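In short: position in the sequence shown from 1, add 1, done, that's my numbering. Using N, Cα and C, we set each Cβ at its ideal position, and we do this for glycine too. Here the structure is a predicted model, which means the values were calculated and not measured. Okay, so here's the structure we're looking at.
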Amino acid sequence: MGSYANDRSCQHDDRRSLEKTKEPVLPLKLMPLHAANGWLHDMRLSSPTTAPLMNNGSSSGSSDPIYRAWTKKYPSALNAFDQIVAHGKGKKIALFLDYDGTLSPIVDEPDNAVMSDQMREVVRNAALHLPTAIISGRSRDKVFDFVKLTELCYAGSHGMDILGPVGERDSVPEHRSPISSNKKQGKEAKIFQAAPEFLPMIDEVFRLLIDKTDAIDGVKVENNKFCVSVHYRNVVEKEWQLVAQCTNDVLKLYPRLRLTHGRKVLEVRPAIDWNKGKAVEFLLDSLGLGSCRNVLPIYIGDDRTDEDAFKVLRDDKRGLGILVSSVPKESHALYSLMDPSEVMDFLKRLVMSKEEEASRNK
Ligand SMILES: [Mg+2]
Numbered sequence: 002m003g004s005y006a007n008d009r010s011c012q013h014d015d016r017r018s019l020e021k022t023k024e025p026v027l028p029l030k031l032m033p034l035h036a037a038n039g040w041l042h043d044m045r046l047s048s049p050t051t052a053p054l055m056n057n058g059s060s061s062g063s064s065d066p067i068y069r070a071w072t073k074k075y076p077s078a079l080n081a082f083d084q085i086v087a088h089g090k091g092k093k094i095a096l097f098l099d100y101d102g103t104l105s106p107i108v109d110e111p112d113n114a115v116m117s118d119q120m121r122e123v124v125r126n127a128a129l130h131l132p133t134a135i136i137s138g139r140s141r142d143k144v145f146d147f148v149k150l151t152e153l154c155y156a157g158s159h160g161m162d163i164l165g166p167v168g169e170r171d172s173v174p175e176h177r178s179p180i181s182s183n184k185k186q187g188k189e190a191k192i193f194q195a196a197p198e199f200l201p202m203i204d205e206v207f208r209l210l211i212d213k214t215d216a217i218d219g220v221k222v223e224n225n226k227f228c229v230s231v232h233y234r235n236v237v238e239k240e241w242q243l244v245a246q247c248t249n250d251v252l253k254l255y256p257r258l259r260l261t262h263g264r265k266v267l268e269v270r271p272a273i274d275w276n277k278g279k280a281v282e283f284l285l286d287s288l289g290l291g292s293c294r295n296v297l298p299i300y301i302g303d304d305r306t307d308e309d310a311f312k313v314l315r316d317d318k319r320g321l322g323i324l325v326s327s328v329p330k331e332s333h334a335l336y337s338l339m340d341p342s343e344v345m346d347f348l349k350r351l352v353m354s355k356e357e358e359a360s361r362n363k
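Okay, here's the thing in structure tokens:
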């Protein structure tokens, strides 16, 4: 990997853009090579383009011996369905779902990541039978615009912005108390924001990143309210280094922000002790299920940021994570599904099995 003494550099005068900020303006330096290589390594690691092609031209997945071997460690949640249902027998299942890559396919243009009507109906039906929440890196409003269902809870910005259920708030610690109520998305519900003081800073970083990455073809900067996403899905790989450099140039001006890697996206977010795992714990508390032992939380997601939730459920030994991936990767999840269509099949079967269990118990 070459140094950052690139013949193209990040555009625009940073001093001009930062004049009005309260953050200290530090001199922009080239990113150290080891740090650059670390970022690029992480960008490649978290960005499997598509399933690798087999010798016969077919894509990886169930026909790939490497994938099949991987599913011995992370069994398909469809093949292991009876085992999962047995684990949840007599328990209330709480469902936590990531959005992009889990309920909708990953697409080149993030604004086009719509879910199918069929998937919407399946999720709606699941939410009518089971407490259900969607936890996404997108802003809460944006993910609601995609999903358009009022029957479930929404956590946007990696769980930093939660529209929770009504009531059952007594068990929620004081510092996690809701800040306001919201009637926009149906019945009245409480909003919890983990770090509202970061809003102006995130807006500022959003504008700066748009400015700095303006000259990079294919880059898309998205304001997700409590985090800024820099998508490089449509950027040629030789320019990823430049995307990393521009993002790093901005990030180092804001010591209270940090970076995480998603699937072909860099995400700048508050450096606070909050993530999708904490959001799951918060939502379980809010739903009045936090201290119940007869609850089985199931979290389905495809992203590295979903690992925090998988880990919480695994460490607590009270729930299970299902990783959505068509390529082998290490995970804290216990099970796997290949793609959103398998997620849909799993959700249908899960609801059906709970309906059958309920009718048997009548
Ligand atoms: Mg995802």
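Within the same chain, and ignoring the five residues on either side of leucine 131 in sequence, the residues whose Cβ sits closer than 6 Å to its Cβ are Ile94 and Leu96. Runs of alpha helix (DSSP H) with 4 or more residues, each lying fully within the stretch 241 to 269, are found at 241 to 252, listed in chain order. Within the same chain, His130 come within 6 Å of lysine 355 by CB-CB distance, once the 5 residues on both sides are set aside. The closest heavy atom of ligand 1 lies less than 8 Å from the beta carbon of arginine 264.
Distances between the C-beta of aspartate 99 and the heavy atoms of ligand 1 include at least one below 8 Å.
For histidine 232, the enclosing beta strand (DSSP E) starts and ends at 229 to 232. Judged by beta-carbon spacing, lysine 226 lies within the 9 Å limit of serine 158, meaning their Cβ atoms are closer than that value. Just measuring C-alpha positions, the residue of Ala216, Ile217 and Val206 sitting nearest glutamate 223 is Val206. For isoleucine 301, the enclosing beta strand (DSSP E) covers residues 296 to 302.
Counting other Cβ atoms within 10 Å of its Cβ, alanine 81 reaches 16 or more and is therefore classed as buried. Proline 271 sits in a strand when the DSSP states are folded into three classes. If you compare the alpha carbons of Glu268, Tyr68 and Met44 with that of methionine 339, the shortest gap goes to Tyr68.
Between tryptophan 241 and leucine 41 a beta carbon distance of about 6 Å is seen, short of the 8 Å cut, so the two are scored as contacting.
In the DSSP annotation of this structure, the continuous segment of the alpha helix (DSSP H) that includes asparagine 126 starts and ends at 118 to 130. For serine 137, the distance from the CB to the nearest heavy atom of ligand 1 is below 8 Å. Pairing arginine 257 with alanine 272, the inter-Cα distance amounts to about 5 Å. Looking at the DSSP output, lysine 93 shares a beta bridge with Val296.
Comparing alpha carbon positions, the residue from His262, Val269, Ser292 and Val244 closest to leucine 254 is Val269. The closest heavy atom of ligand 1 lies less than 8 Å from the beta carbon of glycine 302. Glycine 165 is not a Cβ neighbour of lysine 149, given a cutoff of 9 Å.
Taking 8 Å as the cut-off, one finds at least one heavy atom of ligand 1 near enough to the beta carbon of threonine 103.
Closest in alpha carbon position to valine 281, among Leu297, Ser77 and Ile203, is Leu297. Annotation: leucine 321 to phenylalanine 199 spans about 32 Å, alpha carbon to alpha carbon. Under the rule that a run must span 3 or more residues, the beta strand (DSSP E) segments found entirely inside the stretch 312 to 360 read 321 to 325 and 336 to 338.
Taking 9 Å as the cut-off, the beta carbon of proline 111 is found closer than this to the beta carbon of arginine 234.
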